[in-house]
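Note sheet for the following structure.
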Amino acid sequence: MQNIPQIGYGTWNRPGEEAYRGTLAALEAGYRHIDGAEGYQNEEHVGRAIADFALPREELWVTTKVAPESFGPGQIRPHVEASLEKLGVGPVDLLLLHYPSIDDEYDINDYVAQFAEVYDSGLCRNIGVSNFTKHYLGQALDLLGDRPILTNQVELHVFMQNVPIVSYCRAQNIPITAYSPLARGAVKDDPVLTEIARNHSATASQIALAWLLREGHVIIPSSGSPARIQENLAAADITLSEAEHARITKLERGMRLVNGPWCPEWDTE
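No gaps in the numbering here: position 19 of the sequence shown is 9 in this note's numbering, and each next residue is one more.
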């Protein structure tokens, strides 16, 4: 089992050429972890940027995800193969189930068995899950047996610290990957983050990311701006004090951004 690079570039909501330009800018800035998904409908553009930058394959970590609409009997492998063809990097470093099956349309015993077969066949180097609650994660752990779950990728930021699933995953030694780590831009105007940022000659967004990194989480911020892409990566250079970290932890307000009809019932305790 490998360690995921702690900062990655997220490609959600980057259609077409924007995904190409953003991925290329991230690679140029020094990112070596790119996070994608079948459901983002931009894998071929991400793959083109990776090909054009032409890093040695072993220097880049690529994650993609299988959409829950692709969990039907016999469907996961062909969908993974289609993703691999678009990305053009061979086996991905990490393959995730993007959500539990929507409304349990598909049997978890079947789709996790398909997922395990894809892993056993060598189409990915590691496997994990995304948006899995304690209920689904417990089932996945049982069904996967000795195949390790490398991460659970969930919404996580200073305003919604997702304590129930973070605590559960820590108890199971499953690292967390935080998506929407900047709360879709909401962190930039927070007075506490802004005050702490001044002490570090940084931005509020960088402080929000530094808090997540200090918590030990993997983060995958996204931006279309090359300057912001560089700024996000530089958050790794910030060292928060214990007191600063504690102040930021108090910003929790349960501000969940992702809660659509495709979502499971989120853990509240």
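Even glycine gets a Cβ: it sits at the ideal position worked out from N, Cα and C.
Please read all numbers here as calculations on a predicted model, not as lab measurements.
Quiz item: How would you write the range of the beta strand (DSSP E) that E145 sits in, first residue to last?
Solution: 139 to 145
Exercise. Classify E259 as buried or exposed, calling it buried when 16 or more other Cβ atoms lie within 10 Å of its own Cβ.
Key: exposed
Quiz item: DSSP on A168, reduced to helix/strand/coil?
Solution: Here DSSP, grouped into helix, strand and coil, assigns A168 to strand.
Quiz item: Run through DSSP, which three-state label would C159 get?
Solution: helix
Quiz prompt | Under 8 Å between C-beta atoms of F149 and R243 | solution = yes
Exercise. Thinking A106 and L134 are a contact (beta carbons under 8 Å), I'd like their distance in whole angstroms, please.
Key: 6 Å
Exercise. Measure the Cβ-Cβ separation of L87 and V36 and say whether it is below 8 Å.
Key: no
Exercise. With DSSP as the reference, please indicate the residues paired to H23 in a beta bridge.
Key: In the DSSP output, where bridge partners are listed per residue, H23 has W51.
Quiz item: Is D93 near W51, with beta carbons less than 8 Å apart?
Solution: Not a contact, by the Cβ cut-off of 8 Å.
Quiz item: Which residue from G62, K124, I117 puts its Cα closest to that of N99?
Solution: G62
Quiz item: Contact check, S170 vs L247 under 8 Å by CB: the rounded distance?
Solution: 6 Å
Exercise. Please determine if the segment 174 to 192 and the segment 152 to 164 are in contact, where contact requires at least 3 C-beta pairs separated by less than 8 Å.
Key: no
Quiz prompt | Start-to-end residues for the beta strand (DSSP E) that takes in G118 | solution = Looking at the DSSP string, the run of the beta strand (DSSP E) that includes G118 is 117 to 120.
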